[in-house]
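So the sequences go chain by chain: V and R.
Counting in my numbering, the final residue of the first sequence is number 455, and the numbers go up one at a time with none missing.
Counting in my numbering, the final residue of the second sequence is number 455, and the numbers go up one at a time with none missing.
Before any comments, here is the structure.
Protein chains: 2
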Amino acid sequence: MHNQRLNIGLFGLGVVGKGLLDVLHESGFSDAGIRRICVKDPLKPRAVPRELLTYDAGDILGDPEINVVVETISDPDAAFEIARESMRRGKHVVTANKKMLAAHLPELLEWRDRSDVSLLYESAACGSIPIVRTIDEHFGSEPVEGISGIFNGTSNYILSRMSLEGLDFETALRQAQASGFAEEDPSSDIDGLDAKYKLILLAAHSHGVVAKPDELLYLGIRHIGKADMDFARERGMKIKLLPQCIRSSPHRLAMYVMPALVGADSPFYQVEDEYNGVQLQANFSGHQFFRGRGAGAFPTGSALLSDLGALQGGYRYAYRKHRLNGHTSLDASRLLNVYVRMPGRLHSASLPFEQVTHESLLEDGSRRMLGTISLGALHRQSRQMLREGIFAMQLPDSFEK
Amino acid sequence: MHNQRLNIGLFGLGVVGKGLLDVLHESGFSDAGIRRICVKDPLKPRAVPRELLTYDAGDILGDPEINVVVETISDPDAAFEIARESMRRGKHVVTANKKMLAAHLPELLEWRDRSDVSLLYESAACGSIPIVRTIDEHFGSEPVEGISGIFNGTSNYILSRMSLEGLDFETALRQAQASGFAEEDPSSDIDGLDAKYKLILLAAHSHGVVAKPDELLYLGIRHIGKADMDFARERGMKIKLLPQCIRSSPHRLAMYVMPALVGADSPFYQVEDEYNGVQLQANFSGHQFFRGRGAGAFPTGSALLSDLGALQGGYRYAYRKHRLNGHTSLDASRLLNVYVRMPGRLHSASLPFEQVTHESLLEDGSRRMLGTISLGALHRQSRQMLREGIFAMQLPDSFEK
């Protein structure tokens with residue numbers, strides 16, 4: 055692959071696909087060219103030459119001149135078929151589809167190795183932050199204790215609007231949608247699913263563990279309210295949606311996504327709007343922090359461009375940690391220090407707390423509880439919590455009310 | 055080189071060399087082994103097996119089994135000879151010597167290409183922050199507007215002690231020396247030279263320009279005093295030593311190192327002690343920020359380990375920007391908004407200001423001036439300023455006294 059010209063077959067021409075075209079054009083990246091673009095809707099007008107377009111995936115998969123498939127469609131099942139089939143036919147794959155990757159990583163890696171091609175996905179996690187390759191390469195041999203961050207620009211944008219401008223959740227969500235930072239159906243972003251997929255991808259490189267999506271607790275910000283924002287503000291703190299992967303013992307990891315209360319000493323305190331932030335705690339280098347744009351056509355296009363540059367250099371993810379940490383498993387027993395707010399008709403017995411240290415009825419009729427609960431117990435209740443309108447966030451270990 | 059075992063010849067067994075040994079040992083990195091260590095002083099006791107040691111560089115350079123030379127000595131001339139001779143003999147080189155690299159990069163790259171080996175130096179800039187390879191790879195094809203940061207842990211540690219604890223410069227320097235964050239002769243760190251070498255290295259990757267050390271203005275913190283710290287604190291700001299490379303027009307760059315006044319909205323405001331921070335402004339991805347430990351045996355060892363991992367994957371810096379920006383030159387005409395404090399016997403005529411907007415005699419007898427001055431004029435006066443005890447820092451463009 056070294057310095058071979060990249061002939062690209064592109065799937066999808068939405069925000070991300072279009073971003074790649076713009077970025078390729080403006081960067082003057084001369085070692086790659088788009089040979090064909092496969093789109094779904096023949097009726098939609100497109101700002102690219104007619105002869106580049108096709109509606110038949112076979113026109114890309116069957117073209118022996120195309121050596122790289124860039125996949126930017128949203129349907130994870132179709133994306134999986136495209137990625138697998140491309141690699142089976144000896145084409146490198148660059149994909150932005152985190153949901154597809156999180157669900158199928160082991161099988162995709164088998165195909166990658168069998169066909170001796172590359173599978174790169176910098177654009178699938180944290181937008182423009184060069185985090186996947188940095189973890190895979192730079193921290194490939196250094197033991198990593200923990201990784202956490204703000205991985206979802208949509209929910210962070212909403213939380214910023216709420217904390218900086220005092221908007222309520224619904225208004226902030228509508229503003230995010232109007233600004234192009236939230237989709238029409240924002241569930242995956244606001245409920246923490248999107249962040250969970252990204253956490254799975256990063257932890258595969260940082261800790262050598264490929265978790266299954268069902269194994270991980272995820273709680274989002276759908277039920278966050280004024281009382282929660284006030285609670286944070288009165289303490290000079292902020293609420294952020296934080297995916298976390300923490301080594302709890304040499305071979306056990308606690309992995310989960312939930313809102314967390316962070317103070318001004320946290321690097322995440324100043325990550326606002328659509329920005330993402332990643333903190334990595336490594337054994338030799340200590341705390342590393344990265345911040346950059348987490349959403350948008352150009353930032354995502356930039357990550358795709360970076361993957362194409364890496365491909366040109368013959369780069370493949372090494373997944374060194376897989377070799378080193380083969381016998382690491384998930385730890386659901388970890389006790390979390392939590393804040394929970396639920397509708398007043400519910401009671402502390404609705405959640406399997408280990409301990410409740412504080413309980414109060416609020417003016418708005420809801421009930422607030424502080425206490426401890428195990429990660430596993432919270433996981434088992436999490437779908438119920440979403441249905442019943444319960445908001446929960448993690449408190450710092452050092453928290454005193 | 056792909057997955058070949060690395061047989062390492064190590065030069066130097068000071069803090070950095072010893073850090074590499076520890077990090078290699080603790081990481082369980084099994085694809086590399088230290089075959090020989092060349093040190094200078096035969097009388098100094100060493101905590102490594104006697105048979106690994108040699109006092110003759112030829113024992114490493116002449117050993118055909120050694121395929122990687124890791125160079126951690128401080129003498130830049132000797133380091134250059136070692137790096138060049140190693141590459142001439144077909145050995146890859148990993149070096150931490152920023153001064154040597156900044157002075158000889160073009161010639162070293164010729165040897166690298168002639169011998170088809172790798173020359174890597176992640177540990178030479180910003181300690182544990184994975185910045186060299188990130189810029190070379192991730193931003194290799196994306197146009198970069200500017201890069202700036204806190205590249206020198208020693209001076210940042212001193213500034214933190216002064217601003218957080220109210221120490222004066224001399225006391226803070228002694229504390230840095232006692233804590234192992236400053237050398238016996240701290241000149242290179244506190245006068246801005248070390249930061250300048252690192253700026254040259256990073257700009258070679260981000261902007262494709264290899265500046266000569268003599269071409270760049272560097273001003274340090276040797277003459278910083280209480281009046282300057284008070285000036286910053288009264289405005290809720292901090293003073294940081296900032297190397298900067300800014301695109302002033304499509305093919306012109308302003309590159310310099312000097313203290314700067316930064317506000318709480320700057321990402322550098324919260325970078326304290328021995329930490330380093332890098333901000334990169336790229337055309338598609340926007341502002342990227344990186345923070346991590348900039349000094350210490352383990353952080354530097356971590357960067358060396360990362361280079362060894364990259365070597366194993368066959369990695370070479372691509373220097374893509376060299377091809378794209380071949381005709382970019384330095385811009386000395388840029389006007390800087392500055393704060394200058396000089397001994398009271400001197401006058402504003404001592405510096406070729408374009409404009410002086412404020413002048414006052416301070417209680418301690420020194421003279422403070424605010425105004426504008428060109429980068430080139432400041433550069434020409436900079437050695438004189440160091441001799442005469444003049445402190446200068448850049449003010450934000452938006453600064454109002």
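Note that the Cβ used here is the ideal one computed from N, Cα and C, for glycine as well.
So, does the CB of residue i fall closer than 8 Å to a CB anywhere in chain R?
{"i": "Ile183 (chain V)", "result": "yes"}
{"i": "His341 (chain V)", "result": "yes"}
{"i": "Met55 (chain V)", "result": "Annotation note: pLDDT 48 at Met55 (chain V) (below 50); position unreliable, coordinate value reported separately. It does not: the Cβ of Met55 (chain V) has no partner Cβ on chain R nearer than 8 Å."}
{"i": "Ala364 (chain V)", "result": "yes"}
{"i": "Gly346 (chain V)", "result": "yes"}
{"i": "Phe65 (chain V)", "result": "no"}
{"i": "Phe235 (chain V)", "result": "no"}
{"i": "Ser356 (chain V)", "result": "yes"}
For residue i, return the contacting residues in chain R, with the cut-off set at a CB-CB distance below 8 Å.
{"i": "Phe322 (chain V)", "result": "By Cβ distance, chain R contributes nothing, its closest Cβ being about 12 Å from Phe322 (chain V), past 8 Å."}
{"i": "Ser214 (chain V)", "result": "By Cβ distance, chain R contributes nothing, its closest Cβ being about 15 Å from Ser214 (chain V), past 8 Å."}
Below 7 Å on C-beta distance, what does residue i contact in chain R?
{"i": "Gly367 (chain V)", "result": "Ala372"}
{"i": "Thr188 (chain V)", "result": "Pro184 and Thr188"}
Counting only C-beta atoms, is residue i closer than 8 Å to chain V at any point?
{"i": "Pro197 (chain R)", "result": "yes"}
{"i": "Leu60 (chain R)", "result": "no"}
{"i": "Pro353 (chain R)", "result": "yes"}
{"i": "Ser172 (chain R)", "result": "no"}
Please classify residue i as buried or exposed, where buried requires at least 16 neighbouring CB atoms within 10 angstroms.
{"i": "Gln435 (chain V)", "result": "buried"}
{"i": "Glu467 (chain V)", "result": "Past the edges of chain V, shown from 55 to 455, lies residue 467 (chain V), and the structure says nothing about it."}
{"i": "His259 (chain R)", "result": "buried"}
{"i": "Ala188 (chain R)", "result": "The sequence as given places Thr at residue 188 (chain R); Ala does not occur at that position. The residue is buried, with at least 16 neighbouring Cβ atoms inside 10 Å."}
{"i": "Ala286 (chain V)", "result": "buried"}
{"i": "Arg395 (chain V)", "result": "buried"}
{"i": "Lys292 (chain V)", "result": "buried"}
{"i": "Asp243 (chain V)", "result": "buried"}
{"i": "Ala318 (chain V)", "result": "exposed"}
{"i": "Gly350 (chain V)", "result": "buried"}
{"i": "Lys145 (chain R)", "result": "buried"}
{"i": "Met447 (chain R)", "result": "buried"}
{"i": "Gly355 (chain V)", "result": "buried"}
{"i": "Ser387 (chain R)", "result": "exposed"}
{"i": "His377 (chain V)", "result": "Residue identity check: residue 377 (chain V) is Arg in the sequence provided, not His. Classification for Arg377 (chain V): exposed."}
{"i": "Val70 (chain V)", "result": "buried"}
{"i": "Leu218 (chain R)", "result": "exposed"}
{"i": "Arg59 (chain R)", "result": "exposed"}
{"i": "Asp239 (chain R)", "result": "exposed"}
Output, in chain order, the set of chain V residues within a Cβ distance shorter than 8 Å of residue i.
{"i": "Leu359 (chain R)", "result": "Ser195, Glu196 and Phe338"}
{"i": "Phe83 (chain R)", "result": "Ser195"}
Strictly below 9 Å CB to CB, what residues from chain V border residue i?
{"i": "Val77 (chain R)", "result": "Ser195, Glu196, Asn337 and Phe338"}
Counting only C-beta atoms, is residue i closer than 8 Å to chain C at any point?
{"i": "His192 (chain V)", "result": "Judged by its chain identifiers, the structure shown contains no chain C, and its protein chains are V and R."}
Since residue i meets chain V, which of its residues come closer than 7 Å, beta carbon to beta carbon?
{"i": "Ser169 (chain R)", "result": "The premise fails here: Ser169 (chain R) is roughly 17 Å from chain V at the closest Cβ pair, so nothing lies under 7 Å."}
Alpha helix (DSSP H) segments (min. 4 residues) lying fully within the segment 60–109 of chain V: Fully enclosed alpha helix (DSSP H) runs of no fewer than 4 residues occupy 69–81 of the segment 60–109 of chain V, in order along the chain.
Every unbroken alpha helix (DSSP H) inside the segment 297–330 of chain V [4 residues or more]: You should have found no qualifying run.
Completely contained alpha helix (DSSP H) runs for the segment 188–258 of chain R, where each covers 4 or more residues: Fully contained in the segment 188–258 of chain R are the following alpha helix (DSSP H) runs of length 4 or more, in chain order: 207–219, 223–232 and 241–244.
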